[in-house]
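Have a look at the structure below before the remarks.
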Amino acid sequence: MMHTAEKVIISTAVTGSVNVPSQSDYLPLSPEEVVRASVEAAAAGSAIIHLHARHPDGRPAFEAGMFEQIIPPILEQVDVVINISTGGSSQMTMDERLAGATRFSPELASLNMGSMNFVYSGIADKVTNWKHDWEEPYVRGTYSHPFINSFDRIEYVLRELGEKRGTRFEFECYDIGHLYSLAYFVDKGLAEPPFMIQGVFGILGGIGADHANLEHMVRIADKLFGDDYQFSAFAAGRDQMQFATHSAWLGGHVRVGLEDSLWIGKGRLAESNAQQVEKIRGVIEDLGRPIATPDDARRMLGLKGLAGVTL
Ligand code: KMH
Ligand code: ZN
Numbered sequence: 021m022m023h024t025a026e027k028v029i030i031s032t033a034v035t036g037s038v039n040v041p042s043q044s045d046y047l048p049l050s051p052e053e054v055v056r057a058s059v060e061a062a063a064a065g066s067a068i069i070h071l072h073a074r075h076p077d078g079r080p081a082f083e084a085g086m087f088e089q090i091i092p093p094i095l096e097q098v099d100v101v102i103n104i105s106t107g108g109s110s111q112m113t114m115d116e117r118l119a120g121a122t123r124f125s126p127e128l129a130s131l132n133m134g135s136m137n138f139v140y141s142g143i144a145d146k147v148t149n150w151k152h153d154w155e156e157p158y159v160r161g162t163y164s165h166p167f168i169n170s171f172d173r174i175e176y177v178l179r180e181l182g183e184k185r186g187t188r189f190e191f192e193c194y195d196i197g198h199l200y201s202l203a204y205f206v207d208k209g210l211a212e213p214p215f216m217i218q219g220v221f222g223i224l225g226g227i228g229a230d231h232a233n234l235e236h237m238v239r240i241a242d243k244l245f246g247d248d249y250q251f252s253a254f255a256a257g258r259d260q261m262q263f264a265t266h267s268a269w270l271g272g273h274v275r276v277g278l279e280d281s282l283w284i285g286k287g288r289l290a291e292s293n294a295q296q297v298e299k300i301r302g303v304i305e306d307l308g309r310p311i312a313t314p315d316d317a318r319r320m321l322g323l324k325g326l327a328g329v330t331l
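Take the sequence shown: its position 139, counting from 1, is numbered 159 in this note's numbering, and each next residue is one higher.
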């Protein structure tokens, strides 16, 4: 069974590109809102901030200039590990998805380990009042547009960010097969341990949010990577806290944030990212496990440190 990490790393995905403004007034949108949400989450105990950018009306943004309005102001206020998404949104080109990470050479970047359907058109069935014209076609479009992460794209990211810039990865695995894809790149010498494996559950098109799936993912990761990996997990939507709790209970790390779930309890919207961090922090402490600082996370994940980030 997976070894128990000495401390639990809390990652917070503060805004993402899946949820839309009409679902919650609390979703951070503008760079200023994303900065505030990130600083609050870090102050509440999150060692890592997983970042996407948005325009002030909430449209997913990729321009390096948008990340320039977010990353330096966060790091001026708190010490935290910045993890820039290379998933962006499934409607961006690969160059667009890489614009923020190539500009900053962050300590961490997400890397999506397979092409898949990534469907959240169901959001449109729940929203009655749209705040912006872009939102409804955007979410409905996911019914017909897959999320492309072909092997040549994965290899390109590993070389551009990993080999050239010393960035390490949050390997996002939405199915058991994605672990075998990671093993392929490890065999090719393109990824070095310790691997941060982020199990993603409950995305329509990926593996479902059944707890047996989380156990199975850990079992296969053990077989493929032995002691060479750090496990983290999250589930999208209402299963978020249960999956974070399960991962921590198994000895792994956790991810929370409004990118993955807008909720803090049944029928109750989370009013901030920090509220979710505080909630999972309490659970982890109740399990008797210590919370990792950013420096703990750097050590456990073999990160290059803030000095290696291009600010
Ligand atoms: N929104 C998550 C389900 C990425 O940014 O690379 C997936 C995600 C992708 O975090
Ligand atoms: Zn993301």
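Glycine included, C-beta positions come from ideal geometry on N, C-alpha and C.
Rounded C-alpha distance that separates residue i from residue j
| i | j | result |
| --- | --- | --- |
| Gly-186 | Tyr-176 | 14 Å |
| Met-86 | Glu-183 | 25 Å |
| Ser-125 | Thr-32 | 19 Å |
| Pro-310 | His-23 | 15 Å |
| Thr-106 | Val-139 | 18 Å |
| Asp-280 | Gly-209 | 31 Å |
Residue i CB to nearest heavy atom of ligand 2 below 8 Å
| i | result |
| --- | --- |
| Ala-33 | yes |
| Glu-116 | no |
| Gly-36 | yes |
| His-152 | no |
Near ligand 1: residue i beta-carbon under 8 Å from a heavy atom
| i | result |
| --- | --- |
| Ser-267 | no |
| Gly-108 | yes |
| Leu-234 | no |
| Ala-317 | no |
| Asn-132 | yes |
| Ala-256 | yes |
Residue(s) in a DSSP beta bridge with residue i
| i | result |
| --- | --- |
| Ala-255 | Phe-221 |
| His-250 | A quick correction: the sequence has Gln, not His, at residue 250. DSSP, once it has assigned bridges, lists Met-216 as partnering Gln-250. |
| Ser-31 | Ile-68 and Arg-275 |
| Met-136 | Phe-167 |
| Leu-289 | Trp-283 |
Bounding residues of the alpha helix (DSSP H) (the contiguous stretch that carries residue i)
| i | result |
| --- | --- |
| Glu-96 | 91-97 |
| Thr-122 | 114-124 |
| Phe-171 | 171-177 |
| Gly-285 | First-last for Gly-285: 283-285, but that is the beta strand (DSSP E), not the alpha helix (DSSP H). |
| Asn-149 | It is not in any alpha helix (DSSP H) - Asn-149 carries neither H nor E in the DSSP assignment. |
| Leu-156 | A small fix is needed here, since residue 156 is Glu in this sequence, not Leu. Segment 155-160, the alpha helix (DSSP H) holding Glu-156. |
| Ala-203 | 196-207 |
| Val-101 | Run containing Val-101: none in the alpha helix (DSSP H); it sits in the beta strand (DSSP E), 101-104. |
| Asn-293 | 293-306 |
Residue i - containing beta strand (DSSP E), residue span
| i | result |
| --- | --- |
| Ser-130 | 128-132 |
| Glu-190 | 188-193 |
Heavy atom of ligand 4 within 8 Å of residue i beta-carbon
| i | result |
| --- | --- |
| Ile-217 | This structure simply doesn't include ligand 4; it includes ligand 1 and ligand 2 instead. |
Using a Cβ distance threshold of 8 Å, determine whether the segment 121-131 contacts the segment 141-151, with at least three qualifying pairs required. Too few Cβ pairs lie closer than 8 Å, so no.
Between the segment 285-293 and the segment 243-250, are three or more C-beta pairs nearer than 8 Å? Cβ pair count under 8 Å is below three, so no.
Determine contact between the segment 83-100 and the segment 44-60, defined as no fewer than three beta-carbon pairs at a distance below 8 Å. In short, these stretches touch, since the Cβ pair count reaches three.
Would you call the segment 296-305 in contact with the segment 52-72, where contact means no fewer than 3 C-beta pairs closer than 8 Å? The segment 296-305 is in contact with the segment 52-72.
Are at least three pairs of beta-carbons, each pair with one atom in the segment 156-165 and one in the segment 190-203, less than 8 Å apart? Taking 8 Å as the limit for Cβ pairs, the verdict is that the segment 190-203 does not touch the segment 156-165.
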